[in-house]
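Worksheet: the structure to be examined is printed underneath.
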Amino acid sequence: MRHKNMALFPAFAGESTNKCDDSPKELDWLTNKSFQTGEALSLHTRFLDKASERPNEKESSVDRVPSSEEEGNVPPKKKKKKSEKKRKKKKKKHKRRSGKYSDSTGSDSDTVYPSDLRKEQEAQRLQAAPIASHFCWLDELQAPTERPFCVDRKPDAANWTYKSLYRGDVARYRRKGSSSLGLNHRTQEISWEESNKKQKGGDKKRAADRYFSTASRQLLRSQPTLPTLPTVPESTEVVSSISFLPLGCDEREGKRGETGDRVPTSTVNPLGVYDSSTALWLQGKGLQEQPEQQKQELQTGQSGVLLTGRTEEFNRRLREQPADTQLWIDYIRFQDEQSAAAFGGEEERQGGDSAERHKSSYRAVLEKKLSIAERAVATNPTCIALQLERLRICQELWEPSALAKEWKKLVFLHPNSAPLWREYLLFTQSYFSNFTVSKVNAAYGKCLSTLSVVRDGSMASHPALPWTEEDMLDIFTLQCHFLRQSGQSEKAVSLFQAMMDFTFYKPDSVQQLSTKKQMEFFEPFWDSGEARIGELGARGWKAWMHQQERGGWLQPSAEDEEDEEEEEEEVKDRDQPRWRIWLDVESSREAAHWLPWRPDKAKGQSEEDCEDPDRQVLFDDIGPSLLCLSSADLRLRLLLRFLSFLGLPVDSVLSAAPHQSGLLLDDLSLLTQGNNLQRPLTSIDLPDLGIHSVGHMTTLQGSRKWVGLGKQGEGFVTNVLNMVQPVLPPRHRAALSLCWMQYEKLKVLRCLHGAAKKRLRSQSKSSKRVAKRLLKEPDNRSSLGLWREYGHLEWLLGNLDEARKVFSTAAGMGGAKGLSNSALCELCLLWAQLEVEDGGGGGGGGLTDVTASPAVCVLTRLAEGASLSSSFSSSSQPLSPVSILKARRSYEQALTSSLSLLDRDTETKRKDGDEALRLSGLVGCYALFQYLTVGVQAAVVLYSQAREKMEARHRTDTADKKPDSSCGRLAAECEALAVQQVALLRYHSSVGVFPLARLRETLTSLLSAWPSSAPLWSAYVQVENRYHSAGRARRFFHSVARGSVSVVPRLFSVVAEQQRKQLVDAAVRSCCHGAALPVLPENGLSNRIRSLFESTIATETGAHCPLLWRMYMHFLVSDGHVDKARGIFYKALQHVPWDKGLYMDAVQLFPEHLQEFVDLMTEKELRLRLPLEELDILLED
């Protein structure tokens, strides 16, 4: 059948069809070939539906549907007769039957009626689909393959009502047997799931909700949603002329016109095009103030628009850059900001239910973040950072057992990633339900042994990543501190002993072997009973192997080289409470027995003679953690970390402490350093790291039993230093001697603070003896660093003349180099600072004649390059002003040339070493010289210029993401300059008039650049305590802590609030009747301190900081909330269950639960040196 086109003018459709073949092609434009008859019918019917508004319209339309359907089932001939009769009797038909059609237009011959078009369309449809719409039995078909299917044209109205087919129309079958065709029943099998029983209950849940269900009734009672289509307003007109759907703007305008909100016309707004606010502005009037609620809603809407725009931007960028892992992480963290904006205002308005809603919204945000993380991991399956982010989210959603399995799976897939191992170890040691010390120690051993295999190249599937050895050494250090904090100090010391022998005394014959085979050779040495490093008679692994090849050592005869220490009575006062005796004995045993026990073969001892078996360390406990270090710098780093573990002050740059320093913080001295007002310039010479040394395990506010490590411990340290020095290169040997000298000075400082004269005399004699012995060694005679420390030691002991002689002698050795020698600059800086502190300053220090100042004389002689040994012999002769001017010129030239060296490339700086980066001495000398001769402003400008130059270079090196020793040295020098500047300003404010505002501004700018500097924070807290207003300090603490990963700013914010509370409480207690308070009382400090603690422990670094939890417990008990403090203790166990100090604080604060805490320590395998049964025996004796 030829396709029939509709004429452009339907009234002449017949003529168009008759003349279609004979018409010329020029008239083809009169025919619209794309306009079909069916479309004309549908348009005409739609128009008639719009025009007619009879009351029985719905009924006629309903009746018309089955009639058309019946016509579809009638044969063509009968249908034609029926249409002819229908045309003759059209006017006589009922209006219900005639529907929307009109019979008053045109004539029968010329007019094409819609019914004719409809008949033609149905005829075409019947010819295109000749299959009948009726059904018949399959047996009645003559040719079954002719038309095996039938078409049901009757629509099922239920399909529009329900969301699925009727279950009776779905075929069901039952399977017989469990086999499948095409499979080998011996090697292949299919597992069929029988879900018939489960689907009976599940179909009801998955079925669509009916109108009588609970969900549907709640939906009906809820607030109606916005309509999908705009509603047609009611009208009294019979026929509506609107033949289209009105848009939303028209609807709003109509509503506005109905309610009378249309802007009225006026002289300033004649056309009504301005809104109300613009019209008021033209009249010179202001807009009425909106209610507070409307303002909040407006702000909320604006913030919501901004957040929506950011979300769209994230989605667009992630579609374009799906491999950008940092963008995925930023988008995940953006969800917190979005949820805070979405749920914050709503919770404030809802009042009492806000906590419950916060929990639900928080969980919803976690689910959303998890879905984004899973999408990111699926896009970047090899990115470990995204995997870690996903597991951090899962920590609050999954069960601990499932989380542990996921961690093990991830570590198995990426065994060569040291950062991933570090996160896994942190999870393992903070996983309380499955935590024991032995399990975590085994996990550390597994980590280090796996990384050793990767480093050796034995794991072909996973090559070694850059900086693997550095990461392995960091993990080893964390393991040793973990054992120390859990009380297992013997195992920690044994680990360091084994690593020292394994690193510095390795035989040449095993150097090229793998780490595992080297351990097999090392195990016989460890089990042989030979003296280890730090013990008397130790010779090392290398010498032992050579001697074994020759026949072994000769056992020395038993000689009483040292008298054994008399054992003191452990229980000194039996009248004290039981818990107090337990704490005293436990801490005293910890201080005395931190070394591993070894049987003395000269005395005939064996392993059975040990009273405490836990003091013995087997090779299985330490063997898996041994590792090989290839570079000399890493070996020095290992040695310095061992000395720091023993309590010696070390160079922070050379030791390069691990990044997770919050895990190691357990000493309050970190928060109280720099409080010595008598020595404001030199009190920061030895900063405290906030980490307890080995053997110092007590409560938070407990005191040291000894200044050092006791007699046995001091002998151990001396043996280690004497044994290791010969095997080090000269440069590293000098660093080791400097640590030893600073340790002796530190012990003298502790004796000075303790005010024990007898102990001070004995300690000063021993320290001076050690210092002189070190200076007599040939390699140390020209070491200006050692001479500097020795001169400072003499000055602290009150021997000023002797100290000046030491300083002048040392300066005479390096006087030829002058300002180019960084060690000489540091020595002269310390000398000048000590002179200024003792009243020998000038200019800014208060003296008018600066030429007579000893400090100015020292700094001038340094700049001139002359010998400083004769500077005090001619101290009666003042300096000439010309020499001071020349010295200033020399300082300026030296500083300019030194700063220009920072712009050179990395290779040149690496050749020069760290000497070119040591600028703190030169800048300090020049700044102090300017302060004494010109004023404090000149010193501040100098510090600012030098720091700006050095910090710019540091930012450039950090942006390259190349961890280098030069980068760490430059950062340390920048921080040292900042501390020097603050110390100088504090000194100036103590001796003269200086506004505190400038000191505070300097501190805020420095802390913004170095937020982890404890000396700077300590100075800031002391300065802010002199103000009565705390708002400024609180805002600054919040801004710095929010942008810093370190826990140090948050700790000092807590300390500042606690000191303020102590000040207010003291003022309230000292208040007498009728007397005015010197300080206005402040309310709500306790709640604020608690909120600071809670916000800090909610962070990742604060949650694993033992010092923070212990401070929180002590504060709550001091504030009278004992029950809350006990709850915080159990909460702390979920994050830091390994810290023995936490349990000891709990015993001190909650003594009635001593038995419970001791049982908990025993269950988690923490080191318990005094069981309660032994305590009862001691009390009975």
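Going by my numbering, the first residue of the sequence shown is number -4, and it counts up by one from there. Note that CB positions come from ideal geometry on N, CA and C, so glycine has one too. Here the structure is a predicted model, which means the values were calculated and not measured.
- About 19 Å separates the Cβ atoms of Arg726 and Leu468, ruling out a contact at the 8 Å cut-off.
- In the displayed model, Val988 falls within coil according to three-state DSSP, outside both helix and strand.
- In the DSSP assignment, Glu464 falls within the unbroken alpha helix (DSSP H) covering 463 to 480.
- The DSSP-derived three-state label of Glu518 is helix.
- Annotated three-state conformation of Arg776 is coil, per DSSP.
- Of the candidates Gly690, Pro608, Lys441, Lys537, Lys441 places its Cα closest to the Cα of Leu621.
- In chain order, Ile327, Leu381, Glu384, Arg385, Ile388 place their CB closer than 7 Å to the CB of Ala368, counting only its own chain and leaving out the 5 sequence neighbours on each side.
- The three-state reading of DSSP puts Ile879 in helix, counting H, G and I together.
- In the three-state DSSP reduction, Met454 falls in the coil class, being neither helix nor strand.
- Residue burial is scored here from C-beta neighbours: Glu581 has at least 16 other C-beta atoms within 10 angstroms and is therefore classed as buried.
- Relative to the Cα of Ser626, the nearest Cα in the group Met718, Val977, Pro724 belongs to Pro724.
- Across the set His691, Leu578, Arg728, the C-alpha of Arg728 shows the shortest separation from the C-alpha of Leu634.
- Straight-line spacing of the CA atoms in Glu946 and Val918 works out to 14 Å.
- Here DSSP, grouped into helix, strand and coil, assigns Glu564 to coil.
- Between Pro1006 and the set Val986, Gly834, Val1018, Val1035, the nearest pair of CA atoms involves Val1035.
- In chain order, Pro1146 place their CB closer than 7 Å to the CB of Pro572, counting only its own chain and leaving out the 5 sequence neighbours on each side.
- Pairing Pro873 with Val743, the inter-Cα distance amounts to about 35 Å.
- Gly1115 is classed as exposed because its beta carbon has fewer than 16 other beta carbons within 10 Å across all chains shown.
- By the C-beta density criterion, Arg856 is buried, having at least 16 other C-beta atoms within 10 angstroms.
- Annotated three-state conformation of Arg1021 is coil, per DSSP.
- The shortest C-alpha to C-alpha distance from Leu980 to any of Glu968, Arg311, His541, Thr997 is the one to Thr997.
- At the C-beta level, Cys1100 and Leu658 come within 9 Å of one another.
- As the crow flies, the alpha-carbon of Ser583 is around 19 Å from that of Gln611.
- For the pair Phe802 and Cys820, the CB atoms are not nearer than the 9 Å cut-off.
- Judged by beta-carbon spacing, Leu490 lies within the 9 Å limit of Ile617, meaning their Cβ atoms are closer than that value.
- Residues of the same chain with a CB within less than 6 Å of the CB of Lys486, apart from the 5 flanking positions on each side, are Leu478, Val612, Asp616 in chain order.
- For Met494, the enclosing alpha helix (DSSP H) begins and ends at 484 to 499.
- The C-beta distance from Pro502 to Met540 rounds to 5 Å, short enough to meet the 8 Å contact threshold.
- Secondary structure of Asn794 (DSSP, three-state): coil.
- The alpha carbon of Thr1094 has as its nearest neighbour, out of Asp1118, Val1043, Leu1111, the alpha carbon of Val1043.
- For Leu1111, the CB contacts under 7 Å within the same chain, skipping 5 residues up- and downstream, are Lys1119, Ala1120, Ile1123 in chain order.
- Burial check for Arg527: the Cβ neighbour count within 10 Å reaches 16 or more, so the residue is buried.
- Contact between the region 360 to 377 and the region 316 to 334 is present, with at least three C-beta pairs closer than 8 Å.
- The C-alpha of Ile379 is placed about 19 Å away from the C-alpha of Glu464.
- Shown here, Lys149 sits in coil according to DSSP, grouped into three states, outside any helix or strand.
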